[in-house]
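Asks: If you scroll down you'll find the structure; I have some questions about it.
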Amino acid sequence: MGGLPAGAVEPSEHDYALWEKRVDALMMLLSRKDRRLLTVDELRRNIESLGPEAYDEMTYYERWIYAITQTLIQRGVITVDELGRKIEAVKTREAQRA
Amino acid sequence: MSHDQDHDHAHVHRFPPRPDQDDTLTYYRAMETAVRELLIDKGVITADDVRRQVEDMDGRNAGRGAKMVARAWLDLAYKQRMLANGSKAAEEIGLDVGPLKLVVVENTSSVHNVIVCTLCSCYPRMLLGLPPDWYKSRNYRSRMVREPRAVLAEFGTVIPPDVAIRVHDSTADMRYLVVPKRPTGTENWSEAELARLVTRDSMIGVALANEV
């Protein structure tokens, strides 16, 4: 990406939402020396596997949680099945709360 | 779901809360909750670990870097130690920078330094907190290494042509911090007074320290 042509820099920033801070926390916790369940290289490889469109279609921490999740599946820490079931459970729970 | 369109109102308020995040269950927010709960269920992490980690990052802001810079402005010997070994100099005044290597670079009348991470978003987060959105943006990362003067001018920072610009590309293991030039008219100022002039952006290098 460095050196490629691109547009003006928008001086944008926002206060991070709690869920974004939690994604950041997961990355830090999983990569800590006592766990070593995630390396920066894995995070990058999985983000880059999304392709360049991801930069337009997903936010920063959306790309991160995607990459963290992929890494955990690749390492066998979680399975696709349990993840799918858990996401459904979270959605159901939130719908009931609303 | 894209939030890139949020930029227009980001100009108006400096730190707008990003809408539709904590109150709307997007697909990726559900993924975060699911992954976190699975990891807790499996005993990999605890809910308390997550809470404490979030609190720790919330407590980190540019005030930490500003303290280092103000100390360097006042104490030449400290500045030399800081330029030689940034991580040690941070620890010396009680600032934890973790395992990463901190490299401190100093602006002078002949050199202006600025930092970027072309790979992703590496940033001296231990001293400045989480990076602003623009630091992580494609436009900043693409162009800062090719046309830094033009990018700096977009931040309102015009560097005279006889001042060299050095762009430092951060990595996962090595983070940079810029010591801006000390503003004139600050003789006899205390460290705390000086620290208030040291903005986050001046330590990234896209701005100068505040004038008096």
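Chains as they are written, first to last, in the working numbering: chain A, 1 to 98; chain B, 1 to 212.
Just so you know, even glycine gets a beta-carbon here, dropped at the ideal spot from N, CA and C.
It should be emphasised that the depicted structure is a prediction, and the values quoted were computed from it without experimental measurement.
Any C-beta of chain A sitting closer than 8 Å to the C-beta of Ile93 of chain B?
Replies: no
Asks: Can you list, in chain order, the residues of its chain whose CB lies under 7 Å from that of Glu191 of chain B, leaving out five sequence neighbours each side?
Replies: Ala70, Arg71, Leu74
Asks: Could you list which residues in chain A have their beta carbon closer than 9 Å to that of Val145 of chain B, in chain order?
Replies: One finds Gly2, Gly3 in chain A with Cβ atoms closer than 9 Å to the Cβ of Val145 of chain B, taken in chain order.
Asks: Indicate whether at least one CB of chain A lies closer than 8 Å to the CB of Gln53 of chain B.
Replies: Closer than 8 Å: yes.
Asks: Looking at C-alpha atoms only, which residue of B:Met144, B:Leu127, B:Met126 is the closest neighbour of Trp134 of chain B?
Replies: B:Met144
Asks: Measuring alpha carbon to alpha carbon, tell me which of B:Ala207, B:Glu211, B:Glu147 ends up nearest Leu197 of chain B.
Replies: B:Glu211
Asks: Please confirm whether Met203 of chain B and Ala90 of chain B have their CB atoms less than 8 Å apart.
Replies: no
Asks: Tell me, which residues are paired with Ala164 of chain B by DSSP?
Replies: B:Val111
Asks: Quick check: the Cα distance between Asp41 of chain A and Val50 of chain B, rounded to an integer number of angstroms?
Replies: 22 Å
Asks: Quick check: what's the CA-CA separation for Arg141 of chain B versus Asp56 of chain A?
Replies: Looking at the two C-alpha atoms, the distance is approximately 15 Å.
Asks: Could you tell me the boundaries of the beta strand (DSSP E) in which Val104 of chain B lies?
Replies: 101 to 106
Asks: If the criterion is Cβ atoms closer than 8 Å, does the pair Ala6 of chain A and Asn139 of chain B meet it?
Replies: In contact: Ala6 of chain A and Asn139 of chain B (Cβ atoms closer than 8 Å).
Asks: Whose CA, out of B:Thr184, B:Gly129, B:Pro148, lies closest to the CA of Gly3 of chain A?
Replies: Taking only the C-alpha atoms, the option nearest Gly3 of chain A is B:Pro148.
Asks: With DSSP collapsed to three states, give me the class of Tyr27 of chain B.
Replies: Here Tyr27 of chain B sits in helix by DSSP.
Asks: Between which two residues does the beta strand (DSSP E) carrying Met144 of chain B extend?
Replies: Counting along the chain, no beta strand (DSSP E) covers Met144 of chain B, and no H or E run does either.
Asks: Given 8 Å as the limit, is there contact between the segment 86 to 94 of chain A and the segment 28 to 42 of chain B, that is, 3 or more CB pairs closer than that?
Replies: yes
Asks: List the residues of chain A whose Cβ lies closer than 9 Å to the Cβ of Asp162 of chain B, in chain order.
Replies: Those within 9 Å of Asp162 of chain B in chain A number zero; the least Cβ separation is about 24 Å.
Asks: Any idea what DSSP makes of Arg51 of chain B, helix, strand or coil?
Replies: Looking at Arg51 of chain B - three-state DSSP - the assignment turns out to be helix.
Asks: Distance check for Ala17 of chain A and Arg36 of chain B, CA to CA, integer angstroms please.
Replies: 16 Å
Asks: Compute the Euclidean distance between the alpha carbons of Arg45 of chain A and Gly51 of chain A, then round it to the nearest angstrom.
Replies: Straight-line Cα distance between these residues: approximately 10 Å.
Asks: Name the two residues that bound the continuous beta strand (DSSP E) containing Val40 of chain A.
Replies: For Val40 of chain A, no beta strand (DSSP E) run applies; the uninterrupted alpha helix (DSSP H) run containing it begins and ends at 40 to 48, by DSSP.
Asks: Quick check: what's the CA-CA separation for Val167 of chain B versus Val116 of chain B?
Replies: 7 Å
Asks: Can you tell me which residues form a DSSP beta bridge with Val179 of chain B?
Replies: B:Glu106
Asks: Along chain A, in chain order, which residues have C-beta atoms closer than 7 Å to that of Leu208 of chain B?
Replies: Those do not exist, as Leu208 of chain B stays about 16 Å from chain A at its closest Cβ, beyond 7 Å.
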